[in-house]
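Visitor: Sharing a structure, written as structure tokens. Questions coming.
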Amino acid sequence: MDENSQYRELFFEETADHLESLNDAIMELESDPTSSELIDSIFRSAHTLKGMAATMGYESMTKLTHKMENIFQLVKDQEIEVTHQVISLILESLDCLDTIVEDLKIEIETDISIIQELIERLDHLNPETQDTSDTEKTTPESTEFFQHLDETEKMMIDEAQDNGFEALGLKITLDESCTMKGPRVYLILNSLESMGELVHCEPEMEKLENGEFDQAFTLLFFTKETAETIVETIKSDIDVAQVELKKMTPLDEENVVEEATASEVETVGQSDKQAEPGKTVIKKNDKLKEKPRQNQSIKVDLDRLDTFMNLVSELVVYRTRLENLSHQFNATEIQDPLGQVGRITSELQDLVLKIRMQQVSVVTNRFPKMVRNLSRDLGKEMNLIIEGEETELDRTVVTELSEPLIHLIRNSADHGIESKERRLELGKPEIGQIKLTACQQGNRVIITLSDDGKGLDPEMLARKAQEKGIEIDGKGEKEILNIIFHPGFSTAQEVTNVSGRGVGMDVVHSKIESLGGSIELASEVNRGTEFTINLPLTLSIIQSLMVKVMDQTFALPLGVIEKVISISEEDLISVHQTEIYTYRGKATPVIRIKDVLGFESNEVTTEKHLIMILLGKKHYALLVDELIGQQEIVIKKLGKELGHLKNYLGATILGNGDVTLILDINAICNESTGDAYGKVD
Numbered sequence: 001m002d003e004n005s006q007y008r009e010l011f012f013e014e015t016a017d018h019l020e021s022l023n024d025a026i027m028e029l030e031s032d033p034t035s036s037e038l039i040d041s042i043f044r045s046a047h048t049l050k051g052m053a054a055t056m057g058y059e060s061m062t063k064l065t066h067k068m069e070n071i072f073q074l075v076k077d078q079e080i081e082v083t084h085q086v087i088s089l090i091l092e093s094l095d096c097l098d099t100i101v102e103d104l105k106i107e108i109e110t111d112i113s114i115i116q117e118l119i120e121r122l123d124h125l126n127p128e129t130q131d132t133s134d135t136e137k138t139t140p141e142s143t144e145f146f147q148h149l150d151e152t153e154k155m156m157i158d159e160a161q162d163n164g165f166e167a168l169g170l171k172i173t174l175d176e177s178c179t180m181k182g183p184r185v186y187l188i189l190n191s192l193e194s195m196g197e198l199v200h201c202e203p204e205m206e207k208l209e210n211g212e213f214d215q216a217f218t219l220l221f222f223t224k225e226t227a228e229t230i231v232e233t234i235k236s237d238i239d240v241a242q243v244e245l246k247k248m249t250p251l252d253e254e255n256v257v258e259e260a261t262a263s264e265v266e267t268v269g270q271s272d273k274q275a276e277p278g279k280t281v282i283k284k285n286d287k288l289k290e291k292p293r294q295n296q297s298i299k300v301d302l303d304r305l306d307t308f309m310n311l312v313s314e315l316v317v318y319r320t321r322l323e324n325l326s327h328q329f330n331a332t333e334i335q336d337p338l339g340q341v342g343r344i345t346s347e348l349q350d351l352v353l354k355i356r357m358q359q360v361s362v363v364t365n366r367f368p369k370m371v372r373n374l375s376r377d378l379g380k381e382m383n384l385i386i387e388g389e390e391t392e393l394d395r396t397v398v399t400e401l402s403e404p405l406i407h408l409i410r411n412s413a414d415h416g417i418e419s420k421e422r423r424l425e426l427g428k429p430e431i432g433q434i435k436l437t438a439c440q441q442g443n444r445v446i447i448t449l450s451d452d453g454k455g456l457d458p459e460m461l462a463r464k465a466q467e468k469g470i471e472i473d474g475k476g477e478k479e480i481l482n483i484i485f486h487p488g489f490s491t492a493q494e495v496t497n498v499s500g501r502g503v504g505m506d507v508v509h510s511k512i513e514s515l516g517g518s519i520e521l522a523s524e525v526n527r528g529t530e531f532t533i534n535l536p537l538t539l540s541i542i543q544s545l546m547v548k549v550m551d552q553t554f555a556l557p558l559g560v561i562e563k564v565i566s567i568s569e570e571d572l573i574s575v576h577q578t579e580i581y582t583y584r585g586k587a588t589p590v591i592r593i594k595d596v597l598g599f600e601s602n603e604v605t606t607e608k609h610l611i612m613i614l615l616g617k618k619h620y621a622l623l624v625d626e627l628i629g630q631q632e633i634v635i636k637k638l639g640k641e642l643g644h645l646k647n648y649l650g651a652t653i654l655g656n657g658d659v660t661l662i663l664d665i666n667a668i669c670n671e672s673t674g675d676a677y678g679k680v681d
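Structure follows, in structure tokens:
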């Protein structure tokens with residue numbers, strides 16, 4: 001990757017973070033339009049985006065963010081109010097910025113007419129809007145660097161001034177949280193390149209580009225731009241904490257500078273004390289209090305993280321093998337070192353799993369804006385409530401979760417929430433409610449999406465199913481509701497831009513199952529619908545229960561196992577050709593693993609083990625021949641040749657080197673019980 005590409009990628013990453021933060025803040029501002037803290041935050045983010053875009057030379061993006069910044073300067077100055085119109089226009093502008101960024105990634109031009117229209121509409125919010133940056137001009141100066149110049153530098157400054165250039169000494173201090181100092185220096189110098197000539201830097205350029213300096217560096221810069229323009233350009237960078245300026249002159253060793261009054265500049269360094277005489281500094285934002293130290297972090301390529309995870313997984317496998325060999329040969333002298341290896345491996349494993357974890361908010365942050373747009377497009381009033389968005393999941397699960405949740409929310413908005421008139425007829429609040437909650441339960445995460453809409457009518461679903469040739473005889477209400485997960489099934493009367501194209505719910509079901517999860521549905525006419533999604537915390541290393549079926553060993557994920565019960569054949573009863581076990585006073589379908597996997601045997605055993613499974617709110621009983629014990633395993637995907645096999649999550653390597661298949665409990669339970677619950681309810 002060349003240098004330019006490297007910093008384009010950095011720009012795109014940081015822009016995505018800022019746009020996401022802006023979207024969140026704008027949605028919050030709509031609920032709390034007088035929050036000065038939110039307004040300040042939005043203004044600073046817009047200002048930073050403008051500076052970043054200007055640094056990279058993206059003119060259209062710079063113009064649009066500049067206009068957004070102006071609007072929030074007016075809001076800060078209480079010249080305009082935060083209205084629904086303002087919020088809508090800013091959200092449209094953010095959508096346009098998203099489009100511009102995506103177009104920049106593939107190096108195509110965004111339709112300039114769309115951008116210009118937004119700029120004009122932003123201007124129209126206040127025709128008398130003036131460029132607020134012109135009112136913020138300052139002449140910050142300092143005398144604490146470049147105290148002495150050599151003769152060559154004096155001659156260069158003298159010659160530059162004769163040619164109409166101004167010689168500026170600049171001391172730039174990066175924020176303590178900046179961990180990529182080299183790239184930051186590059187971006188700053190790149191932004192100055194078209195504005196003048198860099199004559200000297202300390203430390204030398206190679207060290208600057210490699211980030212081999214503390215937080216500050218100095219530049220001697222010749223320019224025909226104003227000092228205020230240069231400083232403003234530098235401090236627009238997100239990681240610049242402060243800029244000190246000195247106007248250079250070769251006249252004498254003291255390098256006399258023009259004085260600047262305290263009212264013209266901001267002082268930093270001591271929040272409650274006067275600045276040192278003659279020292280004036282520009283700070284990145286307008287808060288004078290010392291900024292708390294942030295947690296330092298770096299961005300890591302996902303491929304490297306996956307490689308790290310795979311290596312740790314191999315360590316887990318070989319640790320288990322060493323433990324088995326140690327017991328096999330009674331090698332007591334290596335027990336202690338092996339115990340230490342086990343402890344370190346476990347800590348390393350926990351660490352890498354935590355590194356892979358992401359908050360559900362990574363996905364849910366975009367949903368309030370989406371529901372707002374759906375409310376407008378559908379002509380319905382609705383709110384979205386999100387709880388537990390700090391809940392963490394494996395990044396792979398979080399990434400794959402976006403599409404199913406988007407589809408469920410759009411379905412709730414389109415098919416669930418009624419019109420305001422209909423809701424009033426039913427005695428409901430005129431504003432519909434969609435609620436998304438997430439919480440961790442053990443090594444699983446439960447996500448619930450509910451609405452207070454019209455619910456699903458089982459009779460209507462049954463009629464639709466018959467029209468499509470779907471067999472419903474003998475099905476209970478729960479099974480009829482689950483028909484919506486049948487491929488191609490839809491209750492929509494017409495196709496809309498929101499939903500109703502006959503695809504989607506089956507894809508949602510398949511996607512959740514592919515993540516090792518399950519989805520359940522509950523609905524009541526005129527009361528609403530609730531989807532419950534049950535997902536594993538991680539897809540890489542799990543605790544498992546090792547069992548034997550016939551003479552084969554299999555691994556079952558421990559996260560969904562509630563209890564193990566030893567039984568005899570007499571404990572099982574048959575109801576409508578379905579084997580049942582009474583568990584906690586309720587009839588629970590029994591699944592014989594050997595039948596599901598197609599094993600043939602004439603042997604009759606008198607002692608079996610029932611493994612009680614809890615998926616969502618339903619119990620299932622898996623019948624196996626023998627229990628081996630609990631073991632930590634690493635999930636390996638099946639290759640292309642075996643990838644088509646159902647009922648398997650993957651494979652794992654045991655401590656003795658044997659390869660064992662991991663059963664997909666969700667797939668087995670859903671496929672094997674079929675209508676069992678309808679028959680025994």
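Just so you know, full-length UniProt numbering puts 401 at position 401 of the sequence shown, and the rest follows in order with no gaps.
Note that the Cβ used here is the ideal one computed from N, Cα and C, for glycine as well.
Counting only runs that start and end within the stretch 192 to 239, where is the alpha helix (DSSP H) found for 4 or more residues in a row?
Guide: 205 to 209, 227 to 235
Visitor: Can you list, in chain order, the residues of its chain whose CB lies under 6 Å from that of residue 472, leaving out five sequence neighbours each side?
Guide: 462, 465
Visitor: Please classify residue 80: does DSSP put it in a helix, a strand, or coil?
Guide: DSSP places residue 80 outside both helix and strand once states are collapsed to three, so it counts as coil.
Visitor: Where does residue 15 fall in DSSP's three states?
Guide: helix
Visitor: For residue 532, does the three-state DSSP call read helix, strand or coil?
Guide: strand
Visitor: At 4 residues or longer, and completely inside the stretch 303 to 369: list those alpha helix (DSSP H) runs for me, N to C.
Guide: Runs found: 335 to 356, 361 to 364.
Visitor: Do residue 580 and residue 622 have their beta-carbon atoms positioned less than 7 Å apart in this structure?
Guide: no
Visitor: So if DSSP puts residue 592 in a beta bridge, which residue, or which two residues, is it bridged to?
Guide: In the DSSP output, where bridge partners are listed per residue, residue 592 has 623.
Visitor: When you compare each of 450, 430, 438, 406 to residue 416 by their alpha carbons, which one comes out closest?
Guide: Taking only the C-alpha atoms, the option nearest residue 416 is 450.
Visitor: Indicate the three-state DSSP secondary structure (helix, strand or coil) for residue 577 in the structure shown.
Guide: coil
Visitor: Thinking C-beta only, is residue 533 closer than 7 Å to residue 512?
Guide: yes
Visitor: Enumerate in chain order the residues of its own chain whose CB-to-CB distance from residue 664 is below 6 Å, with the five nearest sequence positions on each side excluded.
Guide: 647, 648, 649
Visitor: With distances taken between CB atoms, is the gap from residue 455 to residue 418 smaller than 7 Å?
Guide: no
Visitor: Are there 16 or more other CB atoms within 10 angstroms of the CB of residue 58, so buried, or fewer, so exposed?
Guide: Under this definition residue 58 is a buried residue.
Visitor: Could you name the residues of the same chain whose beta carbon sits closer than 6 Å to that of residue 706, not counting the 5 residues immediately before and after it, in chain order?
Guide: Outside the shown range of the chain, which is 1 to 681, sits residue 706, and nothing can be said about it.
Visitor: What three-state label does DSSP hand residue 444 in the structure shown?
Guide: strand
Visitor: Output the boundary residues of the beta strand (DSSP E) element that contains residue 43.
Guide: Careful: residue 43 lies outside any beta strand (DSSP E), inside the alpha helix (DSSP H) at 36 to 56.
Visitor: Enumerate in chain order the residues of its own chain whose CB-to-CB distance from residue 202 is below 7 Å, with the five nearest sequence positions on each side excluded.
Guide: 217, 218
Visitor: Just to check my reading of the structure: residue 39 and residue 26 have Cβ atoms closer than 8 Å, yes? What is that Cβ distance to the nearest angstrom?
Guide: With a Cβ gap of about 11 Å, residue 39 and residue 26 do not count as contacting.
Visitor: Hey, how far is the Cα of residue 121 from the Cα of residue 75?
Guide: 16 Å
Visitor: Is the beta carbon of residue 616 sitting closer than 7 Å to the one on residue 544?
Guide: no
Visitor: Considering residue 413, what are the terminal residues of the alpha helix (DSSP H) in which it resides?
Guide: Per DSSP, residue 413 belongs to no alpha helix (DSSP H) and is neither H nor E.
Visitor: Between which two residues does the alpha helix (DSSP H) containing residue 162 stretch?
Guide: 151 to 162
Visitor: Could you spell out where the beta strand (DSSP E) holding residue 380 opens and where it closes?
Guide: Here residue 380 belongs to no beta strand (DSSP E), and DSSP marks it neither H nor E.
Visitor: Would you identify the three-state DSSP class for residue 637, choosing helix, strand or coil?
Guide: coil
Visitor: Helix, strand or coil for residue 669, going by three-state DSSP, please let me know.
Guide: helix
Visitor: Anyone know if the C-beta pair for residue 564 and residue 625 falls short of 7 Å?
Guide: no
Visitor: Using only alpha-carbon positions, find the residue among 206, 410, 312, 340 that is nearest to residue 350.
Guide: A check of alpha carbon separations from residue 350 across 206, 410, 312, 340 identifies 312 as the nearest.
Visitor: Hey, is residue 475 close to the ligand SAH, as in C-beta under 6 Å from one of its heavy atoms?
Guide: Among the components of this structure there are no ligands whatsoever, and the ligand SAH is therefore not found.
Visitor: Is residue 397 closer than 7 Å to residue 515 when the C-beta atoms are compared?
Guide: yes
Visitor: When DSSP builds the beta bridges, which residues end up paired with residue 652?
Guide: Per DSSP, 660.
Visitor: Rounded to whole angstroms, what is the Cα-Cα separation between residue 346 and residue 316?
Guide: 8 Å
Visitor: Given residue 667, which residues of its chain have a CB within under 7 Å of its CB, disregarding the five upstream and five downstream residues?
Guide: 513, 646, 647
Visitor: Return the first residue and the last residue of the beta strand (DSSP E) that residue 548 is part of.
Guide: 541 to 549
Visitor: Do residue 440 and residue 383 come within 7 Å of each other at the CB atom, strictly closer than that value?
Guide: No, the Cβ-Cβ distance between residue 383 and residue 440 is not below 7 Å.
Visitor: Between residue 608 and the rest of its own chain, which residues show a CB-CB distance below 8 Å, the 5 nearest in sequence each way excluded?
Guide: Within its own chain, the residues whose Cβ lies closer than 8 Å to the Cβ of residue 608, once the five positions on either side in sequence are excluded, are 566, 567, 568, 569, 623, 624, 625, listed in chain order.
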